[in-house]
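Some notes on the structure that comes next.
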Amino acid sequence: MTGDVRAGGAKNSALPLMFACLLTDEPCRLSGVPDVADIRTAVRLLEKLGARVESPAAGEFLIDCSAVDQWEAPYELVRTMRASFLVLGPLLARFGRARVSAPGGCAIGSRPVDMHIAAISRLGAEIVQDHGYVEALSDGLRGGHVILPMPSVGATENALMAASLAAGATRIENAAREPEIVDLAEALAGMGAQISGAGSSLIEIEGVGRLTGMNREVVADRIVAGTYLIAGAISGGDVLVEGARSEHLGSLLEALEAAGCRLSEEKGAVRLAMDGPPRAVSVATAPYPGFPTDLQAQFMALMCLADGTSNIDERIFENRFMHVQELVRMGASIRSAGRRAIVTGQRALSGAPVMATDLRASVCLLLAGLAAEGTTEVLRVYHLDRGYEHIEAKLAALGADVRREKM
Ligand code: EPZ
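In our numbering, the protein residues as written are 4 to 410.
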C-alpha cells in the first residue's frame, strides 16, 4: 500500500472530554472528534442526562450541560461502552450524586472498576453498590490522597475530573501517563482547573469552585496512527500517516524499526517504508510509555509474517488474545500460554472467514487479510466501527482491495 492517510482525533481522548463537559453549566465546543460508534454512544448518554448536543460540522460538537437533570447512566449504555463509567466523577462533583451501572465483564478481561470507586471514595463520596449499580453521594467533595494500585487510565480520569471541583488539594499517585490524560488535564485547565503533573505519575489538583466552558481540539489518535503504520509495514508499502505524533508512539516506532521498517518524521506526520519480510521482534505491553495493549493485536499480525520467532506478552488485560485462534485459521503459527503468545513467522497467510471479537482484534484481522493470499472475510465488523472512522475508504485510498458487505 502506498500513499497518505490521516489519523483523526483520538476516541479515547474525545470520550473523557465529552464527559468533562458535565462539570460546567457553560457551553463547550470540541473539534476533531472522530466519527465512530463510541462517540454516538457518548452523545446518547449525555442527552439522556439532559445535555444538549449538536454537531454543526464534521468532527465538531457543541455540548451544553446547563440543563442536566438526570444522574443515572443506565446498564444499556454502560454495557455498550464501558467508558460511560467516566460520568461518575463529573456528575458527582457537580451535582453531588451519580448512579452508574457497573460495567460487568468484557471480551478482553474482567476489567473491574474498583480503583475508580476507591479513588472517588478518597474524595469523600459515599458509595453504595446494589442492583448492579454504583451510586455515589456527597454533600461536597473534598480533596484527598489517591494512590492507584496500578496506573489505570479510567480511574485517573475519573479522579482528575472529580478532584477539579473538590474543595482543597488532591494528589493522585501512580497516575496513568497516557497522552489522553494530558489532553484531559489541559482541557480541564482551560476550564479553570488547577492541575499540575499530568503526564507524570504524580498529578496534583487544587480544587476550584466552578469551571467554565471549553473550546478544544482532540489530540490525534496514536492507536489509529500506529495501526496505519503497521498496515504499511505488513503490506511492504510506503505510507505517510498524517497526524501521527512520534513522541506519542515511541515504543511502537522502536519495535517497527527493529523489525526493519524505515521510519522518518515529517511535519505532523510519520512515514514508514518497508521492503521484504519483517524481522521478528518481541514486545510486552505496559502502561504508557510502554508498548500499548491497544496495538498488541495489530503488531502480532505483523509478526505472523516475520522472519523468526517473537514473544508477545500481554500484561495489561488477562484475556486479550482472542485474535490468536483467528490468525491461526489464516495459517499463522502461534502458541499462546497464559499471557504470552509465541509467534513463529510464516512466508504467507491464507485468506479465510474470521470472526472479530473486539475493536483491536478486528483491525488485526483486517491487517492480516491485507497481507494474506486470497480473500479474507471479517465477520462482526461492528467492533471495528467503535474506533476506526471510514477505515475501508482510507485503506482503499492506499491501494488495498477492501470493501464492506452490506448485511
Ligand atoms: C483505557 O481503558 C482505554 N479505553 C482502553 O482502550 C485501553 O486498552 C486501556 O485504557 C489501557 O491502555 C479508554 O480510554 C476509553 P485501565 P481503561 O483502567 O481505562 C485494571 C480500546 O481498544 N483495572 O487503564 O478501562 C483493568 O482490568 C481500549 O480503545 C482494575 O483492575 O483501562 C486492566 O487490567 C480497550 N480496576 C488495567 O487495570 C479498575 O478499577 C488497566 O485498565 C480499573 C482498571
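Even for Gly, the Cβ is constructed at its ideal location relative to N, Cα and C.
_Host alpha helix (DSSP H) of Asn15 (start-end)_ = 14–23
_As a quick exercise: from Asn218, Ile319, Phe302, pick the residue whose alpha carbon is nearest that of Thr288._
Ile319
*Enumerate in chain order the residues of its own chain whose CB-to-CB distance from Phe172 is below 8 Å, with the five nearest sequence positions on each side excluded.*
The residue you asked about is not Phe; residue 172 is Ala in the sequence shown. For Ala172, where only same-chain residues beyond five positions count, the Cβ hits under 8 Å are Gly146, Glu207, Ile208, Glu209, Gly210.
*DSSP puts Asp310 in a beta bridge; with which residues?*
Arg282
*If you run the structure through DSSP and keep just helix, strand and coil, what is Ser353?*
strand
*Please report the Cβ distance between Leu330 and Ala283, rounded to the nearest whole angstrom; I am assuming they are in contact, meaning their Cβ atoms lie under 8 Å.*
The Cβ separation is near 15 Å, so there is no contact.
*Compute the minimum distance between the beta carbon of Val185 and the heavy atoms of ligand 1, and state whether it is under 7 Å.*
no
*Less than 8 Å between the CB atoms is what I'm expecting for Ser238 and Val273, so what's the real figure, rounded?*
Wrong, their Cβ atoms sit about 16 Å apart, outside the cutoff.
*Is the CB-CB distance between Leu362 and Val381 below 8 Å?*
no
_Integer Cβ distance of Glu183 from Pro290, believed to fall under 8 Å_ = Actually they do not touch by this definition, with Cβ atoms about 12 Å apart.
*Cα-Cα, which of Met21, Phe64, Ala10 is closest to Gly34?*
The identity of residue 34 in the sequence shown is Ser, whereas the question assumes Gly. When each option's Cα is compared against that of Ser34, the closest is Phe64.
_Quick check: Ala122 and Ala158, are their CB atoms within less than 8 Å of each other?_
yes
*Taking the CB atoms as reference points, tell me whether Gly229 and Glu245 lie closer together than 8 Å.*
no
*Per DSSP, the bridge partner or partners of Gly6*: Val242
_Taking the alpha-carbon of Arg383 as reference, which of Leu401, Lys397, Pro356 has the nearest alpha-carbon?_
Pro356
*Pro152: buried (16+ other C-beta within 10 angstroms of its C-beta) or exposed?*
exposed
*asked:* Can you confirm whether the stretch 299–308 touches the stretch 339–351 when touching is taken to mean that 3 or more C-beta pairs between the two stretches lie within less than 8 Å?
replied: yes
*Proximity to Ser104 [Cα-Cα], best of Val131, Gly127, Gly279*: Val131
*Rounded to the nearest angstrom, how far is the Cβ of Ala76 from that of Leu48, given a contact under 8 Å?*
6 Å
*In chain order, what residues of the same chain have a beta carbon less than 6 Å from the beta carbon of Val149, not counting five sequence neighbours either side?*
Ala122, Arg125, Ala162, Ile175
*What's the C-alpha gap between Arg342 and Glu321?*
7 Å
*asked:* Suppose contacts are defined by Cβ-Cβ distances below 8 Å. Is Tyr136 in contact with Arg102 by that definition?
replied: yes
*Under a three-way DSSP split, which group does Arg174 fall into?*
strand
*Around the Cβ of Arg407, are there at least 16 other Cβ atoms within 10 angstroms (buried) or fewer (exposed)?*
exposed
_Please report the straight-line C-alpha distance between Ile120 and Leu52, rounded to a whole angstrom._
21 Å
_In the DSSP output, what is Cys109 paired with across the bridge?_
Gly112
*Measure from the alpha carbon of Phe302 to the alpha carbon of each residue in Glu269, Val221, Val327, Gly334, then state which is nearest.*
Val327
*N-terminal and C-terminal residue of the beta strand (DSSP E) that Tyr291 is part of*: It is not in any beta strand (DSSP E) - Tyr291 carries neither H nor E in the DSSP assignment.
*Identify whether Tyr136 lies in helix, strand or coil by the three-state DSSP scheme.*
strand
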